Amino acid sequence: MNDQIRKLALVGTALIVVLVVATTYWQAWAAGDLADRQDNQIQRVAQFTVKRGEIIGSAGRPLAKNKRQKIGGRTFFFRGYPQGGLAAHVVGYSTQSRARAGLERSLNDYLTGSNANLGAVLDKLTGATVTGSSLHLTLNLKAQRAALDALDGRCGSIVALDVRTGKVLVMANLPTYNPNLIEESFGKIAQIDAPCRPVAPLINRATNGLYAPGSTFKVVTAAAALDSGKYEPDSEFVDPGYCEVYGRRVNNYDTTRPFGKVDLRDALKYSVNSVFCNIGKELGSKRIVEYAKRFGFYSTPPLETPANERAPSGLYEQGELFDPELDSDVDPGRFAFGQERLLVTPLQMAMLAGTIANDGVVMRPYVVEEIRDPDGEIVTRTKPDELGRAVEPETARAVASMMRGAVEDGTGTAAKISGLAVSGKTGTAETGVRGLNTTWFICFAGREGREVAVAVVVEQQRSTGGQTAAPIAREVLQALFGPTANS
1 MNDQIRKLAL
11 VGTALIVVLV
21 VATTYWQAWA
31 AGDLADRQDN
41 QIQRVAQFTV
51 KRGEIIGSAG
61 RPLAKNKRQK
71 IGGRTFFFRG
81 YPQGGLAAHV
91 VGYSTQSRAR
101 AGLERSLNDY
111 LTGSNANLGA
121 VLDKLTGATV
131 TGSSLHLTLN
141 LKAQRAALDA
151 LDGRCGSIVA
161 LDVRTGKVLV
171 MANLPTYNPN
181 LIEESFGKIA
191 QIDAPCRPVA
201 PLINRATNGL
211 YAPGSTFKVV
221 TAAAALDSGK
231 YEPDSEFVDP
241 GYCEVYGRRV
251 NNYDTTRPFG
261 KVDLRDALKY
271 SVNSVFCNIG
281 KELGSKRIVE
291 YAKRFGFYST
301 PPLETPANER
311 APSGLYEQGE
321 LFDPELDSDV
331 DPGRFAFGQE
341 RLLVTPLQMA
351 MLAGTIANDG
361 VVMRPYVVEE
371 IRDPDGEIVT
381 RTKPDELGRA
391 VEPETARAVA
401 SMMRGAVEDG
411 TGTAAKISGL
421 AVSGKTGTAE
431 TGVRGLNTTW
441 FICFAGREGR
451 EVAVAVVVEQ
461 QRSTGGQTAA
471 PIAREVLQAL
481 FGPTANS
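So for the sequence shown, the numbering used here puts the first residue at 1; every next one is plus one.
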């Protein structure tokens, strides 16, 4: 009998020890992991008792707001997106079942009042409804709509930046998606169709889409050439219609038209591949990469959206970025006019155009103008920030003048606007599928002390950047500068 009591006592003591150890573990060491787990149901429920801050575009138009709902005597706040797909890739979504994306994810702390906001802390302590801070964006929603309309159902992306400040005025992608469908009708998003493959409607093509830039990259090559002191705008070349690289011919896009004697200014205006191919061979791939880095290539573009929704531009091999400093097997001739293994984002190309317009100074792009607390007080306001100097002012001005010529009477005339000085560069990049091109236009335009840079990419087209992308840029510029800039 005593043995049985002794055994029971030992078992009981052991169970108590296990209980104490387990309780200590879950309360002390594992508590943080539990709170961080995305599938923690208690945490999820608590998140939706917070009145998230709104996300607001131009003219005070809400892009994300709350829908109040009573469930079991408790008040919950679920997200609604009044503008649908207008700026879905920037705003993102916040849902119960599919987590978050876009600004809803990257600035969640501000939106939920978790950023040490005193009022939110007091609300938590007293049990009152916690209200987050609101995000006020730089997006011009009128121009955003004009950009989507101008794409006219074609897959692509458009970015417009304020040259002097770096404000993102337009960041539009097609296909887009309606974030209101994410929670309960995700299948409808999966069924979105578009004239491109992959369709990928959830991808922010502006910051995470990688495309061969074609001849728009000649802007970088021209800047490097002029900055090197080896070339001037009136440096002369002879174009036979092709360039020899590693024993193979690299043809001009228009193989039926050798330009003969031509200077650098006209080579950019008419996008003569052979001239830039020979410049690339002279400068070398490492020198071109050095200048590309000055413009922001090889760095993840700084923006408030999540880091995994932004990609660096540069040379890629099997999905990985590589640097000719470590791998010299790069064809400098093709690299110089935007082919080879070069891949870029529309945001980077808008930054390139903006840097040329800004006398060679690279500005940090930003899409959040300010963050306001529930009382309307400013928590933080974004200030323009210079990332560095890419080229000397005289180099930038020389390239800008050459780009102006491309619009006045070169390959970019479809972007001309009466009463507005537009400078630009077309691009038509091969895709590996015969007859299908990635078409580009990058440009900047200004009036009355205000300048805007624009990058347009259109996927899988059977024409050129001058025919497809330049007219889109023109529509966006007209939306940004108003009705007085008519053709």
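We treat Cβ as the ideally placed atom computed from N, Cα and C, and that holds for glycine.
The structure displayed is predicted, hence computed values, not measured ones.
| Query | Result |
| --- | --- |
| Span of the beta strand (DSSP E), counted from its first residue to its last, around Thr345 | No beta strand (DSSP E) holds Thr345; DSSP gives it neither H nor E. |
| Check: Gly319 C-beta below 6 Å from any heavy atom of the ligand NAD | Judged by which ligands are present, the structure shown has none, so any question about the ligand NAD falls away. |
| Simplified DSSP assignment, three categories, for Arg98 | coil |
| Three-state class that DSSP yields for Ala221 in the structure shown | Looking at the sequence provided, one finds Thr at residue 221 rather than Ala. Three-state DSSP puts Thr221 in a helix. |
| C-alpha distance - Pro233 paired with Ala223, whole-angstrom precision | 10 Å |
| Own chain residues within Cβ distance below 6 Å of Arg37, not counting five before or after | Low per-residue confidence applies at Arg37: pLDDT is 49, beneath 50, and the placement is therefore not dependable enough to give any value. |
| Three-way DSSP call (helix, strand, coil) for Glu475 in this model | helix |
| Those residues which DSSP pairs with Ala445 across a bridge | Val422, Val452 |
| Residues near Asn66 by beta carbon distance below 8 Å, same chain, minus five either side | Lys51, Arg52, Glu54, Phe77, Phe78, Arg79, Gly80 |
| CB contact flag (Gly280, Ala225, <7 Å) | no |
| Euclidean distance between Cα positions of Thr489 and Val238 | What the structure shows of the chain is the stretch from 1 to 487, and residue 489 is not part of that stretch, so it cannot be assessed. |
| Inside the stretch 287-353 only - beta strand (DSSP E) runs reaching at least 3 residues | 314-317, 320-322 |
| Counted within 10 angstroms of its Cβ, other Cβ atoms place Arg68 as buried (16 or more) or exposed | exposed |
| Whether Ala455 touches Ile442 by CB criterion (7 Å) | yes |
| Local conformation of Gly482 per DSSP, three classes | coil |
| Element boundaries [beta strand (DSSP E), containing Tyr253] | Element bounds for Tyr253: n/a, residue is neither H nor E. |
| CA-to-CA distance, Glu104 to Ala473, given in whole angstroms | 29 Å |
| Residue from Ile189, Leu202, Gly209 whose Cα sits closest to the Cα of Leu343 | Gly209 |
| Continuous beta strand (DSSP E) assignments of at least 3 residues falling wholly in the stretch 374-408 | 378-381, 386-389 |
| Collapsed DSSP secondary structure at Asp263 in the structure displayed | strand |
| Proximity below 7 Å, CB of Glu444 to CB of Ala353 | In the sequence as presented, Glu is not what sits at residue 444; that position holds Phe. Their beta carbons are under 7 Å apart, which means Phe444 touches Ala353 by this criterion. |
| Top-ranked residue by Cα proximity to Pro306, from Pro82, Pro384, Leu86, Ala101 | Ala101 |
| Ser114, enclosing alpha helix (DSSP H) - first and last residue | First-last for Ser114: undefined, no H or E at that position. |
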